[in-house]
Amino acid sequence: MKVLVAVKRVVDYNVKVRVKADHSGVDLANVKMSMNPFCEIAVEEAVRLKEKGVASEIVVVSVGPSGAQEQLRTALALGADRAVLVESNDELSSLAVAKALKALVDKEQPQLVILGKQAIDSDNNQTGQMLAALTGYAQGTFASKVEVAGDKVNVTREIDGGLQTVALNLPAIVTTDLRLNEPRYASLPNIMKAKKKPLEFLPPDVLGISMTSTVKTLKVEAPAARSAGIKVKSVAELVEKLKNEAKVI
Amino acid sequence: MAILVIAEHNNGALGAATLNTVAAAQKIGGDIAVLVAGQNVGGVAEAAVKIAGVAKVLVADNAAYAHQLPENVAPLVAELGNGYSHVLAPATTNGKNFLPRVAALLDVDQISEIIEVVSADTFKRPIYAGNAIATVQSSAAVKVITVRGTGFDAVAAEGGSAAVEAVSGPADAGKSAFVGEELAKSDRPELTAAKIVVSGGRGMGNGDNFSILYSLADKLGAAVGASRAAVDAGFVPNDMQVGQTGKIVAPQLYVAVGISGAIQHLAGMKDSKVIVAINKDEEAPIFQVADYGLVGDLFELIPELEKAI
């Protein structure tokens, strides 16, 4: 079966971002960009499904700026067969991305679409669920285990009290949680080979979708800073401070 | 304005996060209705009726909603939601699961994990793992929002007297089925609602060593959390993870033991009132956010602390 994987180019998770002085957003100039960590897990899962003989083709897609080619090449080096970039330089809402992905799902007809559970920039945790709504497919979010069995996929999900398993009819949407797998690194020969794999560019208007949003960002601020703390010398001093100064125990 | 709040529950008991979500709804202002969708939810509906400030409780009792599968619940909420100005759900794994599906069915953007209501259409929410706070404005006819529980003080669970109304919605979509679940058992307070949280990290060394944290936690009446490192190393189950990708907590007192303080962990606990860090590495980033830091060996300090309290 064909598997579609969505990846996002985001600021690298190790970077401590700074808010711009004019409060228009965070400063992303000259900041290291990477593939969203949850998307790496999504690519890895698709590659493992291919290695098991479950998946026959992996199409990796990104909706975003032209720079996202880099992340698509990374996914190709990890084992995806071909890539599609829906190119847009606007700041896109999750719904807009879900609509673009819906158009691609209609075109490519995958049996399984794998996305990360959330992007570490917007922290929205919406796109997979929205794509499931638009396509009418079942959704298995926050997956820590995925097993394809016939025309169904069993997904074990991380929920607040523990784990839950659901059986979904295929085609279905799965979003990855951290413990689904440990992504591999791309080897140098595979990075070279990935340069020859096909990468298709599509502007959103070709797909016939509008990228307008019902939500606009008015302001982005730094969170309130915590006042500097103190180092105590002993357990006795700590307990004394907690009892008398902070009054929390 | 009329606001629909989707109740968090396990068919037997009302989830505490519902009370924080009703508090957010009160800040928006308007008539508040609470939807209880599930199977055999009479007890949950009774609890919902008593929540202070709730005008109406809608009860959708149907086997199709038993496990709140989003394929079945989202069409119900979308159908009901069309009559409201706002649809709110707690930002629990359940709320995060079905609400974006509702938003897409209504063709509106969702606002995730608000921490503050500025006005009826403007909200604050954290982005970049809590390293920036965005103020966002929605022009949607129905504003679909998840609420971060720690951002709002819970309303009183008693004192209300809402009217009850039975509602029905679409039947089982037949796309998904519940297979089973494995819930972690714990007698300690729930992590997200606890007044005191004691968390362990990689510095705990192994799962057995967590017993000294459990013992300290029991003395304090605290919940026990963990960093991702401790979960990935298999010391404790993943539902104990505090952080951007785990649970968000904001207790009165957070005690971080053997936790370095990575960005993704801080995102889950830096709104705690008082933070105590116990770590042998005095350069650990956790000390930059800790109100009280204690440098030393946790295996000596934790038992000593337990005795001193």
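Protein sequence lines, in the order shown, are assigned to chains L and H. Here the first sequence is numbered in my numbering, starting from 1 and rising by one per residue. Here the second sequence is numbered in my numbering, starting from 1 and rising by one per residue. Glycine included, every Cβ here is placed at the ideal spot set by N, Cα and C. Remember, it's a predicted structure, so these values are computed and weren't measured experimentally.
- Closer than 9 Å to the CB of H:G130 there is at least one CB belonging to chain L.
- Distance from H:Q39 to H:N72 at the Cβ level is roughly 11 Å; contact not present, criterion being Cβ atoms closer than 8 Å.
- The secondary-structure analysis by DSSP pairs H:V36 across a beta bridge with H:V59.
- Residue environment analysis places L:L85 among the buried positions, since at least 16 neighbouring C-beta atoms fall within 10 angstroms of its C-beta.
- Burial check for H:Y254: the Cβ neighbour count within 10 Å reaches 16 or more, so the residue is buried.
- When the beta-carbon positions are compared, L:G162 and H:A184 come within less than 9 Å of each other.
- Excluding residues up to 5 positions away in sequence, A129, Q264, A267 and G268 lie with their Cβ nearer than 7 Å to the Cβ of H:Q244 in the same chain.
- When rounded, the separation of the alpha-carbon atoms in L:A138 and H:T135 is 32 Å.
- Checking the DSSP bridge columns, you'll see L:T217 partnered with H:V136.
- Counting along the chain, the unbroken alpha helix (DSSP H) around H:Y214 starts and ends at F210 to L220.
- Contact check for L:K8 against L:Q69 fails: the beta carbons are separated by 9 Å or more.
- Going by beta carbons, H:V164 and H:K56 fall inside the 9 Å limit.
- At least one CB atom of chain H sits nearer than 9 Å to the CB of L:L95.
- Close to chain L, meaning a Cβ-Cβ distance shorter than 9 Å, are the following residues of the segment 205-239 of chain H: L220, R228, V231, D232, P237, N238 and D239.
- If you ignore the 5 residues before and after H:A140, its C-beta comes within less than 7 Å of the C-beta of V108 and D109, all in its own chain and listed in chain order.
- Here the segment 162-180 of chain L lies against the segment 111-129 of chain L, with 3 or more beta-carbon pairs under 8 Å apart.
- Secondary structure of L:I209 (DSSP, three-state): coil.
- Beta-bridge pairing by DSSP links L:M35 to L:R9.
- Every candidate alpha helix (DSSP H) stretch fails here, since none sits fully inside the segment 45-75 of chain L while reaching 4 residues.
- Here H:M240 really is in contact with H:G225; their C-beta atoms are around 5 Å apart, less than 8 Å.
- Between the C-alpha atoms of H:K307 and L:V5 there is a straight-line separation of about 53 Å.
- Nearest to H:A166 by C-alpha distance, out of H:Y84, H:E46 and H:F299, is H:E46.
- For H:I111, the C-beta contacts it makes with chain L under 8 Å involve V215, in order along the chain.
- In the three-state reduction of the DSSP assignment, L:E237 falls in the helix class, which pools H, G and I.
- By the 16-neighbour rule on beta-carbons within 10 angstroms, H:P251 is buried.
- Taking C-alpha positions only, L:R226 is separated from H:P189 by approximately 27 Å.
- With respect to the 9 Å criterion, L:S94 and L:S66 are not classified as neighbours on the basis of their beta carbons.
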